[in-house]
Amino acid sequence: MSFYLWHTFILQSAKAPRIRTSPHSLPLAIILTFGVPLVGAIFVYVKEGYGQTGLWCWIMCDDDTFPQGCSWRMTLFYYELYAVVVLNVVTYIVVLAKLRDTKGRGRQDYASKVATKLRMYLLAFAVSWLVPCINRLVQSFSDSDFSLPWLDYLMAFTNPLMGFTDAIVYGHYSGAWEMWTRRPDGRTII
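For what it's worth, our numbering labels the leading residue of the sequence shown as -12, then goes sequentially.
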């Protein structure tokens, strides 16, 4: 969760310079992005709520061991994730609308490149989290033993794609490509 909260802070600070220049914004961002998930993780650990949950070890939804587990699972991760997604999508839409209104030939080319990268961020996030979110919603609002095997398999396939899609999106700029294709002696590999 810290990764997504941090990403949201970075996005908001890029959109609003007053956040980026405020001397209090970085400590506050660190406390919120790492402290909130840490407090939740410690709480569940103290309550002995971690355990086997289908294919993953996580907050149990076992009525005998941790009766409020499903509620805590949704509260400590998925509701936060949904809020972050909505905030980020709204921010991306606002930024994309401003980029579309950019005037001037050179600025339009730059705005087009930035807009493409922003769309790639959203696509990478959707590829990474759409199936896991659907699967957890199905599991949370069903009987404790209910599972759709095809959805579990699809989730097992898409979860590792998070790193892959992030690498593609964040590595999609000329500096990263040069770094990967240039040898230390200055010659290019490809």
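In this text, a Cβ means the ideal position worked out from N, Cα and C, and glycines have one as well.
- Message: Does L124 pass the burial test, meaning 16 or more other C-beta atoms within 10 Å, or should it be called exposed?
- Response: Translated into the one-based positions of the sequence shown, residue 124 becomes position 137. Exposed, since its Cβ has fewer than 16 Cβ neighbours within 10 Å.
- Drop a sphere of 10 angstroms on the beta-carbon of F64, count the other beta-carbons inside from all chains shown, and report buried for 16 or more, exposed for fewer. Numbered from 1 along the sequence shown, position 77 holds the residue referred to as residue 64. By the 10 Å Cβ count, F64 comes out buried.
- Contact check, T89 vs Q95, beta carbons under 8 angstroms: Along the sequence shown, one-based indexing puts residue 89 at 102. Along the sequence shown, one-based indexing puts residue 95 at 108. Yes, Cβ-Cβ distance for T89 and Q95 is below 8 angstroms.
- Cα-Cα separation, M107 to A113: The residue you call residue 107 lines up with position 120 of the sequence shown. The residue you call residue 113 lines up with position 126 of the sequence shown. Cα to Cα, M107 sits roughly 10 angstroms from A113.
- Message: Let's see if you can read the secondary structure: which residues bound the alpha helix (DSSP H) around L13?
- Response: Looking up residue 13 in the sequence shown gives position 26. Here the alpha helix (DSSP H) through L13 covers S12 to I17.
- Quick one: using the 10 Å Cβ neighbour count with 16 as the cut-off for buried, is V118 buried or exposed? Looking up residue 118 in the sequence shown gives position 131. By the neighbour-count rule (16 or more Cβ atoms within 10 Å), V118 is buried.
- Task: Taking the CB atoms as reference points, tell me whether L182 and L105 lie closer together than 8 angstroms.
- Result: Residue 182 is absent from the structure shown; the chain starts at -12 and stops at 177.
- Message: According to DSSP, is G36 part of a helix, a strand, or is it coil?
- Response: Translated into the one-based positions of the sequence shown, residue 36 becomes position 49. Three-state result, G36: coil.
- Message: Quick check on T62: buried or exposed, where buried means 16 or more other Cβ atoms within 10 Å of its Cβ?
- Response: Residue 62 sits at position 75 when you count from the first residue of the sequence shown. Under this definition T62 is an exposed residue.
- Message: Tell me which residues share the same chain as I155 and place their Cβ nearer than 8 angstroms to its Cβ, disregarding the 5 neighbours each side in the sequence.
- Response: Sequence index remark: in the sequence shown, residue 155 carries index 168 (1-based). Here the set comprises M107 and A111.
- Message: Rounded to whole angstroms, what is the Cα-Cα separation between S127 and F144?
- Response: Counting from one through the sequence shown, the residue named residue 127 turns up at place 140. Counting from one through the sequence shown, the residue named residue 144 turns up at place 157. For S127 and F144, the distance between alpha carbons rounds to 20 angstroms.
- Task: Could you confirm whether any beta carbon from chain C is found closer than 8 angstroms to the beta carbon of T145?
- Result: Of the protein chains in this structure there is only one, and it is not chain C.
- Message: Quick check: the Cα distance between A98 and G38, rounded to an integer number of angstroms?
- Response: Translated into positions along the sequence shown, residue 98 becomes position 111. Translated into positions along the sequence shown, residue 38 becomes position 51. Approximately 47 angstroms, taken between the alpha carbons.
- If you check the beta carbons only, do G56 and G36 fall under 8 angstroms apart? Taking the sequence shown and counting its residues from 1, the one referred to as residue 56 is at position 69. Taking the sequence shown and counting its residues from 1, the one referred to as residue 36 is at position 49. A contact, by the Cβ cut-off of 8 angstroms.
- Item | T152 versus L138: straight-line alpha-carbon distance, rounded | Taking the first residue of the sequence shown as position 1, residue 152 is located at position 165. Taking the first residue of the sequence shown as position 1, residue 138 is located at position 151. Looking at the two C-alpha atoms, the distance is approximately 20 angstroms.
- Task: Throw me the rounded Cβ distance for the Y(-9) and V71 pair, which I believe falls under 8 angstroms.
- Result: Taking the first residue of the sequence shown as position 1, residue -9 is located at position 4. Taking the first residue of the sequence shown as position 1, residue 71 is located at position 84. The pair is a contact, with the Cβ atoms about 5 angstroms apart (cut-off 8 angstroms).
- Item | For M149 and S129, the rounded distance between their alpha carbons | By 1-based counting over the sequence shown, the position of residue 129 is 142. By 1-based counting over the sequence shown, the position of residue 149 is 162. In a straight line, the C-alpha of S129 is about 26 angstroms away from that of M149.
- To which residues does DSSP link I46 through a beta bridge? If you number the sequence shown from 1, residue 46 lands on position 59. Per DSSP, Y37.
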